[in-house]
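Here is the structure we will look at, set down as structure tokens.
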Amino acid sequence: MPTPSAAANAYASLARLTDPQGLTKAAGSSGPSFGAMLKEAVNAINQTSRASDTQTQAMAAGKANIVDVVTAVAETEVAIDALVSVRDKVISAYEEIMKMPI
């Protein structure tokens, strides 16, 4: 079961991804690009997944608590769900743009 902190972290990551200022800056501005923010989010999920794998391996070796393992897996699940939601919104926006007449 996802913990409140895992959900809060996932929503914070999602908020960074959907920050209107980060997405609407001009090409010459000093802010991060959408691609850079997306890469950062994927890297964060990758790190969370690796931590979950480490906890799972430690549990298999008898060196970890089951609560820690479940928490790590739940955090990874919430982070992946948040990224999938953002992906779905991007695809939906792309499809709407493609439907617009020229």
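Under our numbering, the very last position in the sequence shown is 155; numbers go up by exactly one each time.
Glycine is no exception: its CB is placed at the ideal position from the N, C-alpha and C atoms.
All figures in this text were calculated on a predicted structure; none of them were measured in a lab.
(request) Please go through the same chain and pick out, in chain order, the residues whose beta-carbon is closer than 7 Å to the beta-carbon of ALA117, but skip the five residues on each side of it. (result) Within the same chain, ALA117 has close Cβ partners GLN108 and ALA111.
(message) Taking the alpha carbon of VAL139 as the reference point, which residue from ALA127, GLY115 and ALA94 has its own alpha carbon closest?
(response) ALA94
(message) For a minimum of 4 consecutive residues, which ranges assigned as the alpha helix (DSSP H) are wholly contained in the stretch 80-119?
(response) 87-113
(message) Taking the straight line between their C-alpha atoms, what separation do you get for ALA97 and ALA135?
(response) Those two C-alpha atoms are separated by around 12 Å.
(request) Could you tell me if ILE137 is buried or exposed, where buried requires 16 or more neighbouring beta carbons within 10 angstroms of its beta carbon? (result) Residue identity check: residue 137 is Val in the sequence provided, not Ile. Exposed.
(request) Closer than 6 Å by C-beta to SER105: which residues in its own chain qualify, once you throw out the five before and the five after it? Chain order, please. (result) ALA125, VAL126 and THR129
(message) With a threshold of 8 Å on Cβ separation, who are the neighbours of ILE150 within its own chain once the five nearest residues in sequence on each side are excluded?
(response) none
(request) Leaving out five residues on either side along the sequence, give the residues of the same chain with a beta carbon under 7 Å from the beta carbon of TYR147. (result) none
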